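**Student:** Below you will find the structure I want to go over with you.
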Amino acid sequence: MRVAASGTDERAPRGMQLWLMLWRATKRLEEQARRSVASTGLCLSDFGVLLVLREQGPLPVNALGREVLITSGSITAAVDRLEAQELVERRSDPTDRRARIVHLTAQGRALSRRLLVAHARDLEQAFASLTATERHTLAALLGKLAAPAPAVGSD
Numbered sequence: 355m356r357v358a359a360s361g362t363d364e365r366a367p368r369g370m371q372l373w374l375m376l377w378r379a380t381k382r383l384e385e386q387a388r389r390s391v392a393s394t395g396l397c398l399s400d401f402g403v404l405l406v407l408r409e410q411g412p413l414p415v416n417a418l419g420r421e422v423l424i425t426s427g428s429i430t431a432a433v434d435r436l437e438a439q440e441l442v443e444r445r446s447d448p449t450d451r452r453a454r455i456v457h458l459t460a461q462g463r464a465l466s467r468r469l470l471v472a473h474a475r476d477l478e479q480a481f482a483s484l485t486a487t488e489r490h491t492l493a494a495l496l497g498k499l500a501a502p503a504p505a506v507g508s509d
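The opening position of the sequence shown corresponds to residue 355 in our numbering, with each subsequent residue numbered one higher.
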């Protein structure tokens, strides 16, 4: 192992290489996830809305968008699509008349339950090449990467 003055292994993949590897893996996994939910007629963001509501319960539209990681315009469109399919409904917030809270309907709860089982099975197949130890390592490393970091260029 060749160690630089900074104490790092000079043969370790550089940041750009790691980013490219993560990007490719993400694209591959995203495509598998898209195929997993395609038979339902939902897109991934709509599926994400159903899962977040299932896990967290009713949420204001803006909070739901933050949880699903989509813009305010996109979350409005997603909720509109799901409401048209009677999977969610908007209700008034009793504490703020301007706010709308998104709730799963009974039909939305039933569909999200079925989707969750099928999607979990499909994702298990996507990660089947990893051992349990590798999964633990991957989870720990991704957790570190997902943690808030100093702003780029800050001193």
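Heads up, the beta-carbon is just placed ideally off N, CA and C, and yes, glycines get one too.
A quick note: this is a predicted structure, and the numbers were derived from the prediction, not measured.
Around the Cβ of G419, are there at least 16 other Cβ atoms within 10 angstroms (buried) or fewer (exposed)?
**Tutor:** G419 should be labelled buried.
**Student:** V422 and S399: beta carbons closer than 8 Å?
**Tutor:** Cβ distance < 8 Å, so V422 and S399 count as in contact.
**Student:** Which residues in the same chain as A432 place their Cβ atom closer than 6 Å to its Cβ, once the five residues preceding and following it in sequence are excluded?
**Tutor:** Answer for A432: S399, D400, V403, listed in chain order.
**Student:** Answer with buried or exposed for L499, where buried requires no fewer than 16 other C-beta atoms within 10 angstroms of its C-beta.
**Tutor:** When all chains shown are included, L499 counts as exposed.
**Student:** In whole angstroms, what is the alpha-carbon distance linking R299 and E437?
**Tutor:** Outside the displayed range of the chain (355 to 509) lies residue 299, so it cannot be described from this structure.
**Student:** Can you name the residues that DSSP bridges to V456?
**Tutor:** Answer is L413, R444, bridged to V456.
**Student:** If you draw a straight line from the alpha carbon of R382 to that of D447, how long is it in whole angstroms?
**Tutor:** The alpha-carbon atoms of R382 and D447 are separated by roughly 39 Å.
**Student:** Among the candidates A472, F481, L458, whose CA atom is the shortest distance from the CA of R408?
**Tutor:** For R408, the nearest C-alpha among the options comes from L458.
**Student:** Does the beta-carbon of M355 have 16 or more other beta-carbons within 10 angstroms, so that it is buried, or is it exposed?
**Tutor:** Model confidence at M355 stands at a pLDDT of 49, short of 50, so the residue's coordinates are unreliable and nothing is read from them.
**Student:** Decide if L396 is buried, meaning its Cβ has at least 16 other Cβ atoms within 10 Å, or exposed.
**Tutor:** That one is buried.
**Student:** Could you check the C-alpha separation between A501 and P367 for me, to the nearest Å?
**Tutor:** For A501 and P367, the distance between alpha carbons rounds to 21 Å.
**Student:** Kindly give me the distance between the Cβ atoms of V391 and L469, rounded to whole angstroms, as I take these residues to be in contact under 8 Å.
**Tutor:** Contact holds; Cβ gap of about 7 Å.
**Student:** If we count the other Cβ atoms within 10 Å of its Cβ and call it buried at 16 or more, is G462 buried or exposed?
**Tutor:** G462 should be labelled buried.
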